[in-house]
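Position 202 of the sequence shown, counted from 1, bears residue number 259 in my numbering, the numbering being contiguous throughout. Where a beta carbon is used, it is the ideal one built from N, C-alpha and C, also for glycine. Reviewing the structure listed below.
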Amino acid sequence: ICYDRTEPEDDNAINHILRLRKKQGWLTMLPQHGFGAKSAMAFVEKKNLRKEVVHLKEDEGEYVFCLLRNGNNPKARYEPYDFQVVSMKTAKCQKEHWTVSASFVSKISSEADGKDMEVTPVMNWLYERRLFNMIINLPFFVKFRIWKAFIRWKVNVQSSKKNNSWMLMLKELFIVDVVFQSCLLYVRALCETASSSNGGLGLGDSAIIFVKLDRSRSYLLDEFYNVQRHQCKHAFGQIESLRNKIIEMIKQSCLKVADMEGAKKLFEPDFKNKPKYAEIAEWRHILARFTRFIRLVDEIFQDLLCRLINTAVRLLLEFFISSDKVRLSNEKKNETLIR
Numbered sequence: 058i059c060y061d062r063t064e065p066e067d068d069n070a071i072n073h074i075l076r077l078r079k080k081q082g083w084l085t086m087l088p089q090h091g092f093g094a095k096s097a098m099a100f101v102e103k104k105n106l107r108k109e110v111v112h113l114k115e116d117e118g119e120y121v122f123c124l125l126r127n128g129n130n131p132k133a134r135y136e137p138y139d140f141q142v143v144s145m146k147t148a149k150c151q152k153e154h155w156t157v158s159a160s161f162v163s164k165i166s167s168e169a170d171g172k173d174m175e176v177t178p179v180m181n182w183l184y185e186r187r188l189f190n191m192i193i194n195l196p197f198f199v200k201f202r203i204w205k206a207f208i209r210w211k212v213n214v215q216s217s218k219k220n221n222s223w224m225l226m227l228k229e230l231f232i233v234d235v236v237f238q239s240c241l242l243y244v245r246a247l248c249e250t251a252s253s254s255n256g257g258l259g260l261g262d263s264a265i266i267f268v269k270l271d272r273s274r275s276y277l278l279d280e281f282y283n284v285q286r287h288q289c290k291h292a293f294g295q296i297e298s299l300r301n302k303i304i305e306m307i308k309q310s311c312l313k314v315a316d317m318e319g320a321k322k323l324f325e326p327d328f329k330n331k332p333k334y335a336e337i338a339e340w341r342h343i344l345a346r347f348t349r350f351i352r353l354v355d356e357i358f359q360d361l362l363c364r365l366i367n368t369a370v371r372l373l374l375e376f377f378i379s380s381d382k383v384r385l386s387n388e389k390k391n392e393t394l395i396r
């Protein structure tokens with residue numbers, strides 16, 4: 058079938074509606090928008106229908122083919138009432154097109170089982186078009202794309218900041234890393250067992266204390282000195298054993314992290330082939346991280362030593378104060394004078 062390919066000079070569907078209705082002598086006037094517009098529109102439809110039925114015989118049946126102006130542009134604003142008048146050839150090539158006459162606006166859709174037609178009176182279509190344009194020109198719909206783009210940009214920026222903060226936490230906070238976390242908890246448990254942060258006294262045989270005091274007896278000065286010297290020597294041995302345990306745990310943790318990063322050979326003392334300078338420079342951030350971790354463990358160990366000293370001084374002061382409050386009886390004083 059050969060269709061007309063001539064494109065109209067004026068592609069505005071509204072101009073064609075006004076032209077066709079004026080040609081038939083029909084008025085094209087919508088009621089003023091506001092209260093009572095809907096009832097007035099119903100009256101206009103009935104009035105126009107009565108007139109158009111009378112003039113239907115005089116209608117030449119002229120109509121134009123239309124398509125949505127931006128129907129093939131997915132980025133364009135959705136406007137189902139913005140028709141573009143096209144040639145018959147262009148309209149027939151589409152799955153759906155519209156025909157506009159002086160009386161009706163018809164939508165024709167091509168389906169597998171045939172064609173479907175939806176007919177709307179022109180005045181009703183114009184009224185719906187006016188309502189649609191009033192709604193779509195509200196600020197919410199006009200600025201919707203800008204708001205959507207801004208909100209999406211804001212969400213992306215927040216997500217990027219969150220991811221960067223999370224990565225920074227993984228690099229800087231050792232408590233987030235599973236390997237370093239277990240090492241820190243192990244070191245902290247050893248320190249708490251040796252000297253609790255609540256009171257300064259340890260638990261069981263693992264407790265470390267610098268002074269040995271027995272309130273049930275009195276000491277000579279030399280005897281008191283020897284007892285405390287042996288106690289300090291025993292405490293230093295416990296501290297040295299605790300230090301070795303911590304060093305071994307740090308070594309295992311660092312080697313495990315280096316193995317996860319693929320740089321374990323850089324930290325193995327028995328590795329025959331020395332790593333190249335480029336490899337050392339590539340994994341320098343791991344060395345810096347291990348340095349910060351060792352400093353953190355060292356501060357925990359220093360805090361333990363400070364707590365041990367404070368506990369020893371406090372216990373010794375309490376012992377001296379309680380000893381000072383003890384008074385000898387008068388009989389013992391007389392016996393001392395007789396001797």
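| Item | Value |
| --- | --- |
| Could one say the Cβ of GLN141 lies closer than 8 Å to chain C's Cβ atoms, at least one of them? | Within the model displayed, chain C is absent; a lone protein chain is all it includes. |
| Ignoring anything shorter than 4 residues or poking outside the region 123 to 194, list the alpha helix (DSSP H) runs there in chain order. | 145 to 149 and 179 to 193 |
| Quick check: LYS152 and SER166, are their CB atoms within less than 8 Å of each other? | yes |
| Taking the beta carbon of CYS311 as the centre, do at least 16 other beta carbons fall within 10 Å, making it buried, or is it exposed? | buried |
| So what does DSSP say about MET86, is it helix, strand or coil? | coil |
| Using three-state DSSP, classify TYR120 as helix, strand or coil. | strand |
| Drop a sphere of 10 angstroms on the beta-carbon of LEU368, count the other beta-carbons inside from all chains shown, and report buried for 16 or more, exposed for fewer. | The amino acid occupying residue 368 in the given sequence is Thr; Leu does not appear at that position. Result: buried. |
| What residues are listed by DSSP as bridge partners for ASN69? | GLN141 |
| Among the residues of its own chain, which have a CB less than 6 Å from the CB of ARG126, if the five just before and after it don't count? | ASP139 and GLN141 |
| Thinking C-beta only, is SER263 closer than 8 Å to ALA246? | no |
| For PHE198, which residues of its own chain have a beta-carbon under 8 Å away from its beta-carbon, when the five flanking residues on both sides are left out? | ILE192 |
| Quick check on DSSP: helix, strand or coil for ASN268? | Before going further, note that residue 268 is Val rather than Asn in the sequence given. Coil, per DSSP. |
| Classify ASP234 as buried or exposed, calling it buried when 16 or more other Cβ atoms lie within 10 Å of its own Cβ. | buried |
| With 16 as the cutoff for other CB atoms within 10 Å, does VAL244 come out buried or exposed? | buried |
| Classify HIS342: buried if its beta carbon has 16 or more other beta carbons within 10 angstroms, exposed otherwise. | exposed |
| Can you give me the Cβ contacts of PHE292 inside the same chain, cut-off strictly under 8 Å, excluding the 5 residues immediately before and after it? | Per the sequence presented here, residue 292 reads as Ala, with Phe not at that position. Excluding positions up to five away in sequence, the list reads ILE265, ILE266, PHE267 and LEU365. |
| Nearest-angstrom Cα distance between LEU87 and SER217? | 53 Å |
| Can you tell me the Cα-Cα spacing of LEU183 and VAL214, whole angstroms? | 44 Å |
| So LEU270 and LEU372 are in contact, right, with Cβ under 8 Å, and what is the actual spacing, rounded? | 6 Å |
| Just to check my reading of the structure: GLU64 and VAL143 have Cβ atoms closer than 8 Å, yes? What is that Cβ distance to the nearest angstrom? | 7 Å |
| Using the three-state DSSP reduction, which class does SER398 fall into: helix, strand or coil? | Lying outside 58 to 396, the shown extent of the chain, residue 398 is not represented and no answer is given. |
| Given a cut-off of 8 Å, decide if VAL354 and HIS307 are closer than it, judged by their beta-carbon atoms. | At residue 307 the sequence reads Ile, which differs from the His that was named. The answer is yes: Cβ separation under 8 Å. |
| Looking only at its chain, what residues have a beta carbon closer than 6 Å to the beta carbon of MET448, apart from the 5 residues adjacent to it on each side? | Outside the displayed range of the chain (58 to 396) lies residue 448, so it cannot be described from this structure. |
| Do THR177 and PHE201 have their C-beta atoms within less than 8 Å of each other? | no |
| Helix, strand or coil for ARG62 per DSSP? | coil |
| With H, G and I counted as helix, E and B as strand and the rest as coil, what does DSSP make of HIS112? | For HIS112, the predicted model reports a pLDDT of 46, less than 50, meaning its position is unreliable; a value from the coordinates is still stated below. Of the three classes helix, strand and coil, the one that applies to HIS112 here is helix, per DSSP. |
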